[in-house]
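Novice: Residue numbers (the UniProt record's numbering), protein chains in the order written: chain A, 1 to 502; chain B, 1 to 496. Idealized CB from N, CA, C, for every residue including glycine. Bear in mind the structure is a predicted one, so any value in this text is a computation, not a measurement.
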């Protein structure tokens, strides 16, 4: 069984297609692993044991009947609970949606099902994806498999932790300001935020529509690319979906070649506030890329300094509007419907009880920022900064094919360590936010452990919009070189979880 | 009871200023932002989906046909068409709007800076158009358990989201100034001309009684034409052409009384009541919500190419006032005749009847007399009366061919409206054809002469004009189904 769990998704897919393994036994192995370790990790909000096995058997039957399915057919996956899926609950980590069942599949969900990917269940997340530690979940935090006292990052901590804990070889995340990449860095997994519009948002419960982007999470670069290819592509149900072919991400993930690539180190993303162990791992990785034949240049993006401020106006503004539909009239948790309250009171009571503190904070900030008389000063100014950041990127991509930085200033922090200090929490996303504001592609790749605390460090790569393949070229080159040094994948060095011995 | 000032006095002392907002419901097959049907009258909530129900995760996509209709309306109103524009979210909580924001347009409308010429008493008034923008309709609430059907006193409310997301175009005028005492008529003429234009464009059913076309009237008064605008009220629920005129007139009279009393007009919305012919206070505008508009991030901007816009310009119908002028000349009507035709909403039916081959004056006669009277009795529009322009043409042909006379034609109309078939079929079925068979007529004339010896004697004596009384007697006997001219000839033959 351990052998199954440690195989890559690409290997599992090939074994299933060739009849060496059945999807059912692969799925069962992962469900058993979830049973064994998830009491400690708490990556899943809902495990769909029967549904997953049924889907696995259906894939097995199709393969037995001679049907040729995609490279990940029969391989299990963990779905972030922000994506709708018929037949299981969809909560977005919020008490507001406790017990809610969506009547339709998100486009991402549907594409996974169509490709024969087996959905094991729904993963934990910060409520409505607001947070950087998964501690804002209405259903309790997720723990980092590398150290159970630390957070796995957020908002997609559940998806990253599930993959890092070998509960699933693949997962889906969504990234609004770093929610795929930062958990990737904290758990030693690969996380890619595709170009905005590259993957359909239809059926993703919106946080900030102009920033949200679903993407793949896995343990290897190739697995991530294979999953990327399945979920990407034009969707007529999402107006912002790009109507053009997906960049050749799988070829890039197999290339492992960065020779001649110009790699730009962003001077603003480093220095004060960055942990020594993170900076050391980052510096080592840049040297490694130079050794692999890349050309290293320094680039300056002076407006990145304002990215966090702009982000924390645009995001609350959009989410204050996006979350208005949660008022318990037609779905979701209803409070005060006892015949003594008006509809308006029921809306207020339900929202008061259903939303957590961070969600309320952002709704209040966003409502204020959009108010008459404040719009220009807040939302308007933030949009101007957004344009300046895009220009910084444009100028930097003249000099470099990709830009790089640490994914996060520090490694995974302790549970409860930053919950009382929103600003300290927000600063986690300093390096990842600019890419969301500009809508380009970016990724986090594991590049070793920090000398400070022996926790994983993520290497952040940013590529121009529609050039997602460049991320995979860098990632695959680093993976190849590092595994030679480490003697195997980074996650093979993660501590054994105690439940696994059971 | 609201104090009112006589209208003539009111416009003598104050200068009315008016702004009109008209919502047009488009007749696209599907909704503005999803594929649901827009068909009217379906079972409640049967035409809904995750998008128009605002379910978590669902998002809108734009209906291209609705954008096309919006551009054509804009062009027909002589507007500029934006090269690039966005939708915006208008945020407020309301149970009939499931997302709790309405997707509309704010500072970037698809069409802007146009005008529409309207005619009142032979005079052209140019109404300037501020903007025309796209938005989605809301659902419909039914309040149950109260006496009035309003939310006050209701025990619960039922929601029907079939209408939710149906495309609307909102057309907003600039302030209409200088119309003075004609202000109410200009209001009516504007809405009527706009309605005819929308119909001619084929983009909406444009029926006010069905709510396809809704008007809100903003009215204010000022001391003189060079004074600053006064405080305005916005009157809603104005759902017929007649109401548009009456509501504006009423607001002028009411506001004049308020100002005469030395008070300030309250900035508020007012509800028009067709039955009482008065407005009542709605919600005050001071407490109006801050809608927190911002660009809709779920939708990419709309950027109609200039080629497309020019292509659509080629599909526009003739402007209404120009068309009226052309038809007046073509039909040989006097200005006065045409004004009655326009007032009776009979231009289109007459045009179609003439097209079917009928003489214009005959077409006018039927539509403005018999059919107008019956439409009025039934309380429906002329086009809904139950007789088609083709049937009117057939009717007139029967008269021209002397199969029936005008008086019998009225019975034929009754038959057609009663569903008895085409005019010729009604004539056959009811046996209405005029008798011009000399045998039958001759016998009837002989009977009349025998019954009225005095009159016969007068005619013999040369008083031919006395024949009318004998003709009447014959017609009576023949139940009106006689060719009167032939009867006269026979009388004169027999008595000379």
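1) Please name the residue, chosen from 152/B, 187/B, 70/B, 247/B, that lies closest to residue 170/B on a Cα-to-Cα basis.
2) Nearest CA to the CA of residue 192/A: which residue from 220/A, 166/A, 141/A?
3) For a contact meaning CB atoms closer than 9 Å, what does residue 55/B contact in chain A?
4) Which residue's Cα is closest to the Cα of residue 241/B: 148/B, 270/B, 208/B?
5) Once you ignore the five residues that flank residue 502/A on each side, which residues in its own chain have a CB closer than 8 Å to its CB?
6) Compare the C-beta of residue 372/A with all C-beta atoms of chain B and state if any pair is closer than 8 Å.
7) Residues of the segment 50–75 of chain B in Cβ contact with chain A at a cutoff of 9 Å, in chain order, please.
8) Whose C-beta lies closer than 7 Å to the C-beta of residue 281/A among residues of the same chain, with five residues either side of it excluded?
9) Just by C-beta distance, which residues in the segment 91–123 of chain B are closer than 7 Å to chain A?
10) Taking only beta-carbon positions, decide if residue 137/B is within less than 8 Å of chain A.
11) Beta carbons nearer than 9 Å to chain B: which residues of the segment 248–269 of chain A have them?
12) Can you tell me which of 127/B, 106/B, 122/B, 104/B puts its alpha carbon nearest to the alpha carbon of residue 114/B?
13) Assign residue 319/A to one of three DSSP states: helix, strand, or coil.
14) Closer than 7 Å between beta carbons: that is the criterion. Which residues of the segment 280–308 of chain B meet it against chain A?
15) Assuming residue 406/A is part of the beta strand (DSSP E), what are its boundary residues?
16) In the DSSP output, what is residue 84/B paired with across the bridge?
17) On a Cα-Cα basis, can you pick out the residue from 142/B, 348/B, 152/B that is closest to residue 158/B?
18) At least one CB of chain A closer than 8 Å to the CB of residue 163/B: is that the case?
19) Beta strand (DSSP E) containing residue 112/B: first to last residue?
20) Residues of chain A with CB closer than 8 Å to the CB of residue 89/B, please, in chain order.
21) Need the endpoints of the alpha helix (DSSP H) that residue 422/A sits in, please.
22) Would you say residue 158/A and residue 326/A are within 8 Å of each other, going by their C-beta atoms?
23) List, in chain order, every chain B residue whose beta-carbon is nearer than 8 Å to that of residue 236/A.
24) With a cut-off of 8 Å, does the C-beta of residue 306/A fall near any C-beta of chain B?
25) Between which residues of its own chain and residue 131/B is the CB-CB distance below 7 Å, once the five residues before and five after are set aside?
26) Can the beta-carbon of residue 210/A be found less than 8 Å from the beta-carbon of residue 63/A?
27) What are the partner residues of residue 147/A, as DSSP defines its beta bridges?
28) If I measure Cβ to Cβ from residue 140/B and keep anything under 6 Å in the same chain, skipping five residues before and after, which residues do I get?
29) By the 10 Å Cβ neighbour count, where 16 or more other Cβ atoms means buried, how is residue 139/A classified, buried or exposed?
30) Counting only beta-carbon atoms, is residue 347/A nearer than 8 Å to chain B?
31) If we call anything under 8 Å between Cβ atoms a contact, is residue 376/A one with residue 301/A?
32) What span of residues does the beta strand (DSSP E) with residue 151/B cover, start to end?
33) I want to verify the contact list: residues of chain B whose CB lies under 7 Å from the CB of residue 203/A, in sequence order.
34) To test your reading of the DSSP string, which unbroken beta strand (DSSP E) runs of 3 or more residues are found completely within the segment 426–484 of chain A?
35) Residues in its own chain within less than 7 Å of residue 481/A by CB, not counting five upstream and five downstream?
Specialist: Reading it off the structure:
1) 70/B
2) 220/A
3) 84, 102, 103, 104, 325, 330, 331
4) 208/B
5) Because residue 502/A sits at a pLDDT of 42, beneath the cut-off of 50, its placement in the model cannot be relied upon, and the following sentence gives the value as read from the coordinates. So the qualifying residues of the chain are 36.
6) yes
7) 50, 51, 53, 54, 55, 56, 57, 58, 59, 60, 61, 62
8) 447, 448, 450, 457
9) 91, 93, 95, 98, 99, 100, 101
10) no
11) none
12) 127/B
13) helix
14) 290, 292, 294, 297, 298, 299, 300
15) 402–406
16) Per DSSP, none; premise fails for residue 84/B.
17) 142/B
18) no
19) 111–120
20) 321
21) 422–426
22) no
23) 61
24) no
25) 109, 111, 112, 172
26) no
27) 144/A
28) 160, 163
29) buried
30) yes
31) no
32) That residue, residue 151/B, is in no beta strand (DSSP E); it is neither H nor E in DSSP.
33) 57
34) 441–449, 456–463
35) 288, 292
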